[in-house]
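Report on one structure; see the data block that follows.
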Amino acid sequence: MDSIANLKAFTQNTLGPFVLQLGLTKLPEHLYTFIVSFCFFLAVHRTFAPLVSEWCSESFRRMGKKGQNNWSMHVVSQVHALVIVPLAFLALDSQELDRDRAFGWDERISGKLQAIASAYFVWDTYDAIVNYTDFGFIIHGAACSMIYLLSFSPFLSYYTARGLLWETSTIFLNIHWFLHKTNRAGSTFRLINGIFLLSTFLGFRLIYGAYVSYDLFGTLYNVRDKIPTAYLYVYGLGNIVLQTLNVVWFYKLTILLRKRFLKKPAVNGNGNGKHGNGNQETLDPKKR
Numbered sequence: 001m002d003s004i005a006n007l008k009a010f011t012q013n014t015l016g017p018f019v020l021q022l023g024l025t026k027l028p029e030h031l032y033t034f035i036v037s038f039c040f041f042l043a044v045h046r047t048f049a050p051l052v053s054e055w056c057s058e059s060f061r062r063m064g065k066k067g068q069n070n071w072s073m074h075v076v077s078q079v080h081a082l083v084i085v086p087l088a089f090l091a092l093d094s095q096e097l098d099r100d101r102a103f104g105w106d107e108r109i110s111g112k113l114q115a116i117a118s119a120y121f122v123w124d125t126y127d128a129i130v131n132y133t134d135f136g137f138i139i140h141g142a143a144c145s146m147i148y149l150l151s152f153s154p155f156l157s158y159y160t161a162r163g164l165l166w167e168t169s170t171i172f173l174n175i176h177w178f179l180h181k182t183n184r185a186g187s188t189f190r191l192i193n194g195i196f197l198l199s200t201f202l203g204f205r206l207i208y209g210a211y212v213s214y215d216l217f218g219t220l221y222n223v224r225d226k227i228p229t230a231y232l233y234v235y236g237l238g239n240i241v242l243q244t245l246n247v248v249w250f251y252k253l254t255i256l257l258r259k260r261f262l263k264k265p266a267v268n269g270n271g272n273g274k275h276g277n278g279n280q281e282t283l284d285p286k287k288r
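In this text, residue positions in the sequence shown follow full-length UniProt numbering: the first is 1, and each later residue adds one.
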């Protein structure tokens, strides 16, 4: 316990002044969670996921280097989603956030929630750059990283918690991807998962996301004279970009699922490349 306390004090004293200069006044006390979370996601991607997958999955062993890396990325995505979604739901009943939707802060949940989410999206941006496949993935990761880091100002913690509910659909996206890579195309379980996938994507990302976005723009307008102009651009344009990507990915997702369930695809299982080989995947289900 003393070593953890010392590490927290070190990160706060060493990096705290730097983030305070950036105006992230709530981040210093949560830097430890941010750094540990980032290292955890990196370790899962590089070490834990490959070791476990090599041991338990024949499909993983047949994959090439790129396919195995992509598999491990999906493991990280699933771990993050399974952790962050329950935390996001806990934040929904916060009276502190509801009383002030622009600048409210709930120490009970906000710091931990936003530190874990920020660490994941910073890792996701790093991975999207290193293992480049689509510029949209880099834009998505960078936009999310900026939004969730700037929320430590504090700013819009009420909305960042609700935005993380989008990750509910990610759980089913990843299951869909793993079922595809383990040659379970056309199974009843995959059909049921596909229904949940489309329902959660449509419900959380498009319908609920549009409602939250509308409310967010109203809040931004009301406090436009109290915040830096840069914040208006980051959150306003960032939100538009993310919502646009959701619409594009939902369109691609419906096409992908329709092809797979109306016509059983040929599965080779070698996993080479970001989207396999010969399956014509138009959407990487790791992404939001």
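For every residue, glycine included, the Cβ atom is placed at its ideal position computed from N, Cα and C. Here the structure is a predicted model, which means the values were calculated and not measured.
Can you look up E107 in the DSSP assignment and give me helix, strand or coil? coil
S157 and S118 closer than 8 Å at C-beta: no
Would N246 pass as a contact of G194 if the rule is Cβ separation under 8 Å? no
Determine the contact status of V122 and S153, defining contact as a CB-CB distance below 8 Å. no
If you count every other CB in all the chains shown that lies within 10 Å of the CB of N174, and 16 or more means buried, which is it? buried
Taking the Cβ atom as the reference point for each residue, do V85 and T168 lie within a distance shorter than 8 Å? yes
Which whole-angstrom value describes the C-beta separation of L113 and G104, a residue pair presumed to lie in contact below a C-beta threshold of 8 Å? About 13 Å; that fails the 8 Å criterion.
Nearest by alpha-carbon distance to residue 342: which of L92, A102, L82, D93 is it? Residue 342 lies beyond the range of the chain shown here (1 to 288); nothing can be said about it.
Answer with buried or exposed for R205, where buried requires no fewer than 16 other C-beta atoms within 10 angstroms of its C-beta. buried
Residue 314 (DSSP reduced to helix, strand or coil): Lying before the first or after the last residue shown, residue 314 is absent from the chain, which here runs from 1 to 288.
Please return the same chain residues whose Cβ sits closer than 6 Å to the Cβ of R162, not counting the five positions on each side in sequence. V212
When Y132, Q12, T125, T133 are compared against A143, the one with the closest alpha-carbon: T125
For M63, does the three-state DSSP call read helix, strand or coil? coil
Could you pull out every residue in the same chain whose Cβ sits closer than 8 Å to the Cβ of I35, ignoring the five residues on either side in sequence? T11, A119
Buried or exposed: which applies to L216, given that a residue is buried once 16 or more other Cβ atoms fall within 10 Å of its Cβ? buried
So, is F38 buried or exposed, given that buried needs 16 or more other C-beta atoms within 10 angstroms? buried
With C-beta atoms as the reference, is T219 less than 8 Å away from R99? no
Rounded to whole angstroms, how far is the Cβ of L164 from the Cβ of Y231, which I believe are closer than 8 Å? Their Cβ separation, rounded to whole angstroms, is 19 Å, which puts L164 and Y231 out of contact at 8 Å.
Continuous alpha helix (DSSP H) stretch holding S37: start and end: 31-43
Select from P17, G186, F196, F41 the residue whose C-alpha is nearest the C-alpha of F172. F196
Sequence-distant residues of the same chain with beta carbon closer than 6 Å to L179, five excluded per side: R190
Assign I192 to one of three DSSP states: helix, strand, or coil. helix
Could you tell me which of V234, K226, S199, N239 sits nearest to Y214, measuring between CA atoms? N239
For K66, which option in V75, V241, A5, N131 has the closest C-alpha, if you only look at C-alpha atoms? N131
Exposed or buried, which one is A88 when buried takes at least 16 other CB atoms within 10 Å? buried
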